[in-house]
Every structure is written in structure tokens, then in C-alpha cells.
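Chains as they are written, first to last, in this note's numbering: chain A, 1 to 143; chain B, 1001 to 1143.
Protein chains: 2
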Amino acid sequence: MTHLESTSLDLLKLHGLRKTPCRLAVLELFFRERAALSHQNIEQQTQNSNFDRVTIYRTLTTFEEKGILHRVPDLEGQAKYALCSEKCSEHAHHDAHVHFKCQTCEKVLCMEDIPLPETAAPKGYQVKTASFLLEGLCAECNG
Amino acid sequence: MTHLESTSLDLLKLHGLRKTPCRLAVLELFFRERAALSHQNIEQQTQNSNFDRVTIYRTLTTFEEKGILHRVPDLEGQAKYALCSEKCSEHAHHDAHVHFKCQTCEKVLCMEDIPLPETAAPKGYQVKTASFLLEGLCAECNG
DNA sequence: ATTATCTTTGCAACTTAGTTGCAATATTTT
DNA sequence: AAAATATTGCAACTAAGTTGCAAAGATAAT
Ligand SMILES: [Mn+2]
Ligand SMILES: [Mn+2]
Ligand SMILES: [Zn+2]
Ligand SMILES: [Zn+2]
Chain A
1 MTHLESTSLD
11 LLKLHGLRKT
21 PCRLAVLELF
31 FRERAALSHQ
41 NIEQQTQNSN
51 FDRVTIYRTL
61 TTFEEKGILH
71 RVPDLEGQAK
81 YALCSEKCSE
91 HAHHDAHVHF
101 KCQTCEKVLC
111 MEDIPLPETA
121 APKGYQVKTA
131 SFLLEGLCAE
141 CNG
Chain B
1001 MTHLESTSLD
1011 LLKLHGLRKT
1021 PCRLAVLELF
1031 FRERAALSHQ
1041 NIEQQTQNSN
1051 FDRVTIYRTL
1061 TTFEEKGILH
1071 RVPDLEGQAK
1081 YALCSEKCSE
1091 HAHHDAHVHF
1101 KCQTCEKVLC
1111 MEDIPLPETA
1121 APKGYQVKTA
1131 SFLLEGLCAE
1141 CNG
């Protein structure tokens, strides 16, 4: 059993989810890639396993509910997901960090270290959540 | 000719676009509502005119290209559009402001007065554009 | 190890968003 | 009024996402 396999297994147990090939494969994929992934990305990168598209959709939804993955703001296009920090749970997500999308390699990355900038809410408005997406060139593509 | 009609007409002329019922209706709708609108919103709010869905899609695309409308980051769900400031043109958009989505009335608003917060780009990364979406209760719904 | 219970999967069918080609129509220019 | 050009509507298509349900699989109890 590889390292990623056992980490993934632990994560499933921790959240009371059954160990299934699709769930393990999806988790391992997220651990290997360190970027946000769309349903389509996952389908392509697990082609040989031939999981049903619906199963992958359901896996993503389940993981989001449990606090294993969070949705990442990818304007235009499909929903993307990324691994949550340990703070997240079934009850609440705590993924208030900046995200970065590279215009060259298209990767979307969580900048866990960059907190969301403080926001001057206009008077009368009550801000509950915020999301901040930067776009440009990632370290790799910037050269 | 109402005020909105003539404003809309001017805008079409200014961008070298022909005056058509669909384009006028869509522009007037944007001037009346002051919120971002999706294709679906527009289709519903112009039902009696019975414009073809495809025509509405093309109208939105054209307006975006010309710098009349800009896309608004609405995570999940369909693309939304809002009126651009006068600075925008065929050649470049200049809509770097904060957007606000009300969790109650679902309206998405341009906060033209709130500029984007300065962003500490992580080293190695080159930031080119950014988008900041606040969510919560709008002034109306906050009561 | 077998069985019972409860979860997850795969399939088929459906919905909604968005795109493309093309002929008919409307708008602008001459 | 006719010619030139831009826009529309239709039909057909692709892609994303959802739902119901029966069969298969995982875990827990015996
Ligand atoms: Mn993230
Ligand atoms: Mn705006
Ligand atoms: Zn890159
Ligand atoms: Zn509101």
C-alpha cells in the first residue's frame, strides 16, 4: 500500500465513507496533482478505471459535503475542486484563501498562505463570505 | 422615444451596431435593472417579445466584445453580465471593481466605487487580473 | 465464514446551458 | 429603390449536470 493510498483511506474512514475504487482514485489524484480539478479533468485522468461520469459527480458532491474538497471559483467553465485544509468538516468549510489561475497552463492553485484581503463593506451591506481570484502567470510559466 | 430608448440607441451607434429590437430591449433592460443579468434572466424578462434564445446569446457576446457589457464572476451557475463603465471599449475592458451577490434576493451588483484590494502576489507569480466577489445581504435585504 | 444491513455504483433517461451553419430577413448605404 | 452588409430564427448539435432505480459492493453482526 502506497503512502497516498493509506492517506486517502484514512480520510475516508475519518468521514465515515466506505472505501471504494472511485473514491480512492479521486483522492489520490488530488494528492498527486496539487491543483484544483474539474469533473472533466478527473474523468480524463482516471480513464483506464472507467468510472461512470455520474459516480464521479457524486463523489465530488460527497467530498464537498464532508469537508474534504472545496469548490474553487473558476469564472467561466465548470466547477473546480481542491483539497480542504484540516479545519474543514461536515459542518463548515474554512477555505478563506486567495486562488490563482494561470493563464498559460490553466492550473488553478490554492494560495493557502494568502488570506483574503479585508473588505470595506459598503454601508447597509452585510458581507458573509468572499472569494478572490487572481489570474496571470504561475511561477512555472513565468520562467 | 423614451430616455432609455435614446440612450440605448446612442450606445449602439457609438459602437457601430445596427439598431434591432432585441438589442434595444436588452440594453433597456440593463439600464432599468441595475443588477447583473444572466441569459436566463433576460429571456424571461423579454418573454413577450419572443426573441430567439440564440439571438440573446449572440447579443450578449457582441456587447461583451464591444465593451458594452462585462462578465460578472458568478460562481456556480450561468454567466452574468453587467453594464460597463464608459472607459471600456472594443479594445480593452476596465471593470476592476468589487462585485456583491446577495444571498437573499440573489442580485449581483457592481460596486463601481470599491476598487480591487491590492494583492500581494506570491514571489515568482505575475498577476494580470483579479476578481473579488463578496456575498451576503444587500442593503435592501439587510433591512 | 455467512448473512443481513446499509451504501455506493452504473445505466438510462432527462434537463439546462451554450454553440454552429445556413437560409431568410432586416438594416444601412448608395 | 436597389445593393451591400449585418442580424435573426431555426434546426441540429455538444457538453454539463441531475434523478430514479435496480444491481453490486462494503461493512457490521452472527
Ligand atoms: Mn482553495
Ligand atoms: Mn461589474
Ligand atoms: Zn502556469
Ligand atoms: Zn438582496
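By construction, the Cβ of each residue, glycine as well, lies at the ideal position given by its N, Cα and C atoms. Quick caveat: nothing in here was measured; it's all calculated off a predicted structure.
- Going by beta carbons, P115 of chain A and H99 of chain A fall outside the 8 Å limit.
- Judged by their CB atoms, E65 of chain A and E90 of chain A are nearer to each other than the 8 Å cut-off.
- Annotated three-state conformation of K1087 of chain B is coil, per DSSP.
- The shortest CA-to-CA distance from K87 of chain A to any of A:N48, A:C102, A:L69 and A:A121 is the one to A:L69.
- C141 of chain A: member of the alpha helix (DSSP H) spanning A139 to N142, first to last residue.
- The Cβ-Cβ distance between V127 of chain A and L1017 of chain B does not fall below 8 Å.
- Beta-bridge partners assigned by DSSP to F1030 of chain B: none are found.
- The Cβ of Y125 of chain A sits closer than 8 Å to at least one Cβ of chain B.
- Not one heavy atom of ligand 3 is found less than 7 Å from the C-beta of L11 of chain A.
- Of all residues in the segment 109-121 of chain A, only M111, D113, I114, P117, E118, T119, A120 and A121 place a beta-carbon less than 8 Å from a beta-carbon of chain B.
- Below the 7 Å Cβ cutoff, chain A contributes no neighbours of N1048 of chain B, its closest Cβ being approximately 31 Å away.
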